[in-house]
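Chains as they are written, first to last, in my numbering: chain A, 21 to 121; chain B, 4 to 636.
This report refers to the structure that appears directly beneath it.
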Amino acid sequence: MQVPLSAYLILSAFLFIVGVVGVATRRNALIIFMCIELMLNAVNLTFLAFARFLNSMDGQIFVFFVMVVAAAEVAVGLAIIIAIYRNRETVDVAELNLLKW
Amino acid sequence: MLDNLWLVPVWPLLGFLGNGFFGRRIGKRAVGMIACGSVGLSLLSALLAVGELLALPHGVRVTQVVAPWIDSGNFQADWGLLLDPLSAVMILVVSGVGFLIHVYSIGYMHEDPDYPRFFTYLNLFTFSMLMLVLANNYLLLYVFWEAVGLCSYLLIGFWFEKKSAADAGKKAFIVNRVGDFGFALGVMLLWTSLGTLQYDQVFASAPAQFPAGGAVVTAITLLLFVGATGKSAQLPLYVWLPDAMEGPTPVSALIHAATMVTAGIYMVARSAPLFELAPLSLSVVAWIGGLTAVFAATIALVQNDIKRIIAYSTISQLGYMFLGCGVGAYAAGIFHLMTHAFFKALLFLGAGSVIHGLSGEQDIRKMGGLRKRMPITAFTFLIGALANAGIFFSAGFWSKDEILYGAIASGHVGVWALGAASAFLTAFYMMRCYYLTFEGRPRVEEKAAHHLHESPPVMTVPLIVLALFSAFVGFVGFPPEHGVYHRFVEPVFAVAGGVESHAVPADVWTMAGISLAVAVAGLLVATRFYVWRPETPARMVERYPKAYQVLLNKYYVDELYDALFVEPIRRGSFWLWRQFDDRVIDGSVNGVAAIVRVGSAVLRRVQTGYVLDYVLSFLVGVVAILGYLAFWR
Chain A
21 MQVPLSAYLI
31 LSAFLFIVGV
41 VGVATRRNAL
51 IIFMCIELML
61 NAVNLTFLAF
71 ARFLNSMDGQ
81 IFVFFVMVVA
91 AAEVAVGLAI
101 IIAIYRNRET
111 VDVAELNLLK
121 W
Chain B
4 MLDNLWLVPV
14 WPLLGFLGNG
24 FFGRRIGKRA
34 VGMIACGSVG
44 LSLLSALLAV
54 GELLALPHGV
64 RVTQVVAPWI
74 DSGNFQADWG
84 LLLDPLSAVM
94 ILVVSGVGFL
104 IHVYSIGYMH
114 EDPDYPRFFT
124 YLNLFTFSML
134 MLVLANNYLL
144 LYVFWEAVGL
154 CSYLLIGFWF
164 EKKSAADAGK
174 KAFIVNRVGD
184 FGFALGVMLL
194 WTSLGTLQYD
204 QVFASAPAQF
214 PAGGAVVTAI
224 TLLLFVGATG
234 KSAQLPLYVW
244 LPDAMEGPTP
254 VSALIHAATM
264 VTAGIYMVAR
274 SAPLFELAPL
284 SLSVVAWIGG
294 LTAVFAATIA
304 LVQNDIKRII
314 AYSTISQLGY
324 MFLGCGVGAY
334 AAGIFHLMTH
344 AFFKALLFLG
354 AGSVIHGLSG
364 EQDIRKMGGL
374 RKRMPITAFT
384 FLIGALANAG
394 IFFSAGFWSK
404 DEILYGAIAS
414 GHVGVWALGA
424 ASAFLTAFYM
434 MRCYYLTFEG
444 RPRVEEKAAH
454 HLHESPPVMT
464 VPLIVLALFS
474 AFVGFVGFPP
484 EHGVYHRFVE
494 PVFAVAGGVE
504 SHAVPADVWT
514 MAGISLAVAV
524 AGLLVATRFY
534 VWRPETPARM
544 VERYPKAYQV
554 LLNKYYVDEL
564 YDALFVEPIR
574 RGSFWLWRQF
584 DDRVIDGSVN
594 GVAAIVRVGS
604 AVLRRVQTGY
614 VLDYVLSFLV
624 GVVAILGYLA
634 FWR
């Protein structure tokens with residue numbers, strides 16, 4: 021029996037929600053980054069599911085783009101976190117509150 | 004010259020601009036020469052213009068429109084100049100006496116650090132006064148009426164670091180403003196009734212538009228007269244003139260004796276056709292003139308500051324001039340204006356010479372016996388005093404007598420009595436002033452006596468010239484009706500119907516005799532009080548202490564005005580300041596700022612600086628948009 025499309029989509033949605041909750045809740049900057057990656061991968065899954073079920077290559081190509089962007093973003097983001105750590109001795113976002121009024 | 008009438012006032016304007024901009028850089032000699040030269044050129048231009056006017060057929064007036072000014076709908080007013088016998092007399096007086104005073108000031112103001120500013124203001128004044136008397140419409144008259152008021156303020160408060168001088172300047176300007184308000188209302192009423200403000204058009208259409216004695220023309224003339232009472236220091240707006248003595252003495256001579264204060268009389272004389280249509284206003288003019296003449300003379304009897312005596316004398320003599328106009332003897336009023344300009348300027352400049360010689364002393368109780376050390380000043384002052392008193396031969400006699408004759412000949416016995424009483428008092432206080440200043444035992448203080456000297460020629464020569472005029476200029480008005488002066492100005496005042504032509508000539512000599520007797524009586528009483536029986540004044544004070552106090556304190560009028568007007572206004576202003584300006588206006592402006600401050604204090608709490616809060620708002624927004632797109636569309 022073939023796996024229905026809805027199964028993939030539900031899995032994607034679930035992963036995405038976990039990612040969102042993680043970004044909104046966690047205090048460690050690296051964990052937030054991992055949750056962002058999780059969201060991106062959930063979206064990749066959605067693209068691939070639709071590519072398979074609509075018999076279109078567009079979805080698969082788009083996943084490439086997403087992965088490239090994710091990689092670039094991780095590179096820059098980690099560089100920023102390292103810079104922050106060197107300055108503030110912490111990666112806890114709760115302590116980065118210089119813009120508080 | 005008649006084609007270029009504008010040249011007459013323009014020289015002092017150039018002097019004003021030159022000295023105003025460059026005065027401090029060109030040195031005292033140049034400043035003096037520019038200032039006196041410009042008025043001298045004015046005098047020359049005026050003489051040429053009047054000469055040409057005399058050559059024209061009798062009664063012709065010359066109008067020159069220098070430039071259009073306002074032309075809006077049915078209202079039109081131009082920069083127009085009018086030369087007729089009346090303005091001819093005025094420009095000669097203003098430029099002539101003005102020139103002598105400018106020359107005198109070179110000596111008097113020599114030590115003053117603000118020498119250029121003085122001459123700048125003096126030239127500005129001369130320009131304004133010449134324009135005032137040459138204007139051919141009421142609007143231009145009003146503009147320069149205000150301008151001379153401004154110059155008066157600037158010159159009275161010339162030594163503005165002295166509080167009393169600054170206050171006196173303010174007082175002059177504010178009291179004048181009250182009068183000017185009336186004047187402005189009169190001019191506006193004139194325009195709404197006649198649609199024009201040009202003299203020739205107004206006087207031509209007035210008899211047709213205004214029934215004799217009608218309410219409108221009476222209102223107009225009374226309002227115009229209110230302006231005149233302010234500018235010419237009559238009851239009740241005279242209070243600024245004695246205080247104006249804070250200014251330098253040449254200023255007192257020029258502005259507060261010879262010229263600016265005469266603007267009111269000029270204006271009444273100029274408006275004679277209107278006043279002739281309002282007999283009630285003429286009565287008011289005559290009575291106010293007469294009452295002021297006596298009132299001011301009584302105050303002058305006991306004053307101890309030499310300039311104050313002469314100031315009250317000026318107020319009194321201006322009352323005389325209004326008396327003359329009020330009984331229809333306009334020519335006599337203007338004649339007295341002319342003679343008064345000479346002898347009053349002479350008296351003030353003489354007083355200035357005394358003050359200068361005594362290094363600043365002005366109290367006549369600390370003078371005495373100055374004749375020996377200041378003979379020219381003393382002699383010319385005596386001539387001026389005799390002229391002011393109206394003693395025979397001097398110019399003052401002819402002009403004063405003519406006014407009194409005009410009063411009695413037209414049946415105004417009441418004002419004649421006031422005039423005669425004032426003549427008696429005038430003779431008395433003028434001789435008192437002369438005797439206490441120049442005769443008797445010297446009472447001069449040591450430090451002043453040290454430097455006592457006759458003034459330099461630049462000051463004494465104008466005194467001598469003015470004394471000659473004070474003595475002899477009266478003859479241009481003799482005999483009345485046929486003298487040079489009267490035939491010259493007759494066309495201007497023809498509308499008044501010629502009061503002088505009323506009665507039998509014999510009456511003229513009787514009245515002249517009475518005038519002379521009154522004046523001589525005053526002189527003799529003064530001589531008794533101050534030369535033959537010098538203990539008399541002290542005895543009079545002992546016998547009538549309360550009357551003396553009232554007169555010495557000027558009838559407490561200043562205190563009265565203070566209580567009636569100044570204090571309530573000051574308290575009202577204070578209330579407005581504290582309650583309205585501080586509370587309402589500042590409150591609302593500060594209130595707006597307070598609202599912003601409180602509002603921002605509330606709103607800034609959004610900025611927590613905590614990134615995850617921002618993420619949360621981000622997510623809420625995304626959900627909202629997606630929900631909208633999914634379910635509402």
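Where a beta carbon is used, it is the ideal one built from N, C-alpha and C, also for glycine.
Just so it is clear, the structure is predicted and the values come from calculations on it, not from any experiment.
Sub-9 angstroms separation of residue i and residue j beta-carbons
{"i": "B/A392", "j": "B/A398", "result": "no"}
{"i": "B/I406", "j": "B/L326", "result": "yes"}
{"i": "B/S108", "j": "B/L125", "result": "yes"}
{"i": "B/F21", "j": "B/P494", "result": "The question names Phe, yet the displayed sequence has Gly at residue 21 of chain B. Cβ atoms of B/G21 and B/P494: not closer than 9 angstroms."}
{"i": "B/L469", "j": "B/S356", "result": "no"}
{"i": "B/T317", "j": "B/H259", "result": "yes"}
{"i": "B/L277", "j": "B/V220", "result": "yes"}
{"i": "B/G640", "j": "B/V447", "result": "Here chain B comprises residues numbered 4 to 636, so residue 640 of chain B is not present and cannot be evaluated."}
{"i": "B/D170", "j": "B/M248", "result": "no"}
{"i": "B/M433", "j": "B/A529", "result": "yes"}
{"i": "B/K234", "j": "B/W148", "result": "yes"}
{"i": "B/D2", "j": "B/V69", "result": "Residue 2 of chain B is absent from the model: chain B starts at 4 and stops at 636."}
{"i": "B/V92", "j": "B/V487", "result": "no"}
{"i": "B/Q675", "j": "B/G292", "result": "Residue 675 of chain B falls outside the range modelled here, since chain B spans only 4 to 636, and no answer is possible."}
{"i": "B/A175", "j": "B/L244", "result": "yes"}
{"i": "A/E115", "j": "A/I56", "result": "no"}
{"i": "B/T159", "j": "B/A168", "result": "In the sequence as displayed, the identity of residue 159 of chain B is Ile instead of Thr. Going by C-beta atoms, B/I159 is nearer than 9 angstroms to B/A168."}
{"i": "B/A522", "j": "B/T429", "result": "yes"}
{"i": "B/G477", "j": "B/F396", "result": "yes"}
{"i": "B/F345", "j": "B/A261", "result": "yes"}
{"i": "B/L16", "j": "B/Q67", "result": "no"}
{"i": "B/L59", "j": "B/L137", "result": "no"}
{"i": "B/F2", "j": "B/L127", "result": "Because chain B in this structure spans residues 4 to 636, residue 2 of chain B falls outside the shown range and cannot be described."}
{"i": "B/A296", "j": "B/L421", "result": "yes"}
{"i": "B/F431", "j": "B/F532", "result": "yes"}
DSSP bridge partner residues for residue i (one or two, in chain order)
{"i": "B/N140", "result": "B/Q201"}
{"i": "B/D3", "result": "Given a span of 4 to 636 for chain B in the structure shown, any question on residue 3 of chain B remains unanswerable."}
{"i": "B/D404", "result": "According to DSSP, which records beta bridges pairwise, B/D404 is partnered with nothing at all."}
{"i": "A/D112", "result": "A/N48"}
Minimum Cβ-Cβ distance from residue i to chain E less than 9 angstroms
{"i": "B/Q201", "result": "Going by chain labels, chain E is absent from the structure shown, which instead holds the protein chains A and B."}
* What are the complete beta strand (DSSP E) segments, minimum 3 residues, inside the segment 51 to 123 of chain B? -> With a minimum length of 3 residues, the continuous beta strand (DSSP E) runs that stay inside the segment 51 to 123 of chain B are 65 to 75, 78 to 86.
* To do: Could I get the ranges of all uninterrupted alpha helix (DSSP H) runs contained in the segment 37 to 110 of chain A, with 4 residues as the minimum, in chain order?
  => 49 to 74, 78 to 108
* **Inter-stretch contact (C-beta, 8 angstroms, three-pair minimum) for the segment 339 to 356 of chain B and the segment 240 to 259 of chain B** => yes
* **Length-filtered (4 minimum) alpha helix (DSSP H) runs lying within the segment 336 to 400 of chain B** => 378 to 392
* **Entirely enclosed beta strand (DSSP E) segments - the segment 237 to 271 of chain B, minimum 3 residues** => none
* Chain-ordered residues of the segment 28 to 51 of chain A with a beta carbon less than 7 angstroms from chain B -> Only V40, V43, A44 from the segment 28 to 51 of chain A bring a Cβ to less than 7 angstroms from some Cβ of chain B.
* Asked: Should the segment 371 to 387 of chain B be regarded as contacting the segment 291 to 303 of chain B, the criterion being three or more beta carbon pairs within less than 8 angstroms?
  -> As far as the Cβ criterion goes, the segment 371 to 387 of chain B does not touch the segment 291 to 303 of chain B, which means the pair count is below three.
* Which residues, taken in chain order from the segment 596 to 623 of chain B, show a beta carbon closer than 8 angstroms to some beta carbon of chain A? -> R607, R608, Q610, T611, G612, Y613, V614, L615, V618, L619, L622
* To do: Flag this pair as touching only if the segment 224 to 238 of chain B and the segment 173 to 187 of chain B have three or more C-beta atom pairs under 8 angstroms; answer yes or no.
  => Contact holds: three or more Cβ-Cβ distances are below 8 angstroms.
* Within 8 angstroms of chain B by C-beta, residues of the segment 108 to 120 of chain A in sequence order -> The segment 108 to 120 of chain A vs chain B, Cβ under 8 angstroms: V113, A114, L116, N117, L118, L119, K120.
* Asked: Looking at C-beta atoms only, is the number of pairs between the segment 141 to 155 of chain B and the segment 207 to 221 of chain B that lie closer than 8 angstroms three or more?
  -> Segments in contact, no.
* Asked: Counting pairs of Cβ atoms below 8 angstroms between the segment 98 to 115 of chain A and the segment 64 to 75 of chain B, do you hit three or more?
  -> Touching, no, given that fewer than three Cβ pairs across the two stretches are closer than 8 angstroms.
* Asked: How do the segment 552 to 567 of chain B and the segment 443 to 463 of chain B stand: do at least 3 beta-carbon pairs fall below 8 angstroms, yes or no?
  -> no
* **contact_flag[the segment 85 to 96 of chain A, the segment 568 to 582 of chain B] where n(CB pairs < 8 angstroms) is 3 or more** => Not touching, per the Cβ criterion.
* Asked: Do the segment 268 to 283 of chain B and the segment 199 to 208 of chain B touch if we need at least three Cβ pairs shorter than 8 angstroms?
  -> yes
* Asked: Pairing CB atoms from the segment 95 to 107 of chain A with CB atoms from the segment 47 to 58 of chain A, are three or more of them under 8 angstroms?
  -> yes
* Asked: Do three or more CB pairs link the segment 12 to 21 of chain B to the segment 62 to 73 of chain A at distances below 8 angstroms?
  -> Contact between the segment 12 to 21 of chain B and the segment 62 to 73 of chain A is absent: fewer than three C-beta pairs spanning the two stretches fall below 8 angstroms.
* Asked: If you pair each beta-carbon of the segment 279 to 295 of chain B with each one of the segment 117 to 124 of chain B, do three or more pairs fall below 8 angstroms?
  -> no
* Taking contact to mean at least 3 C-beta pairs separated by less than 8 angstroms, is the segment 39 to 56 of chain B in contact with the segment 111 to 119 of chain B? -> no
* Asked: What are the start and end residues of each continuous alpha helix (DSSP H) run of 4 or more residues lying completely inside the segment 147 to 212 of chain B, in chain order?
  -> 166 to 197, 202 to 212
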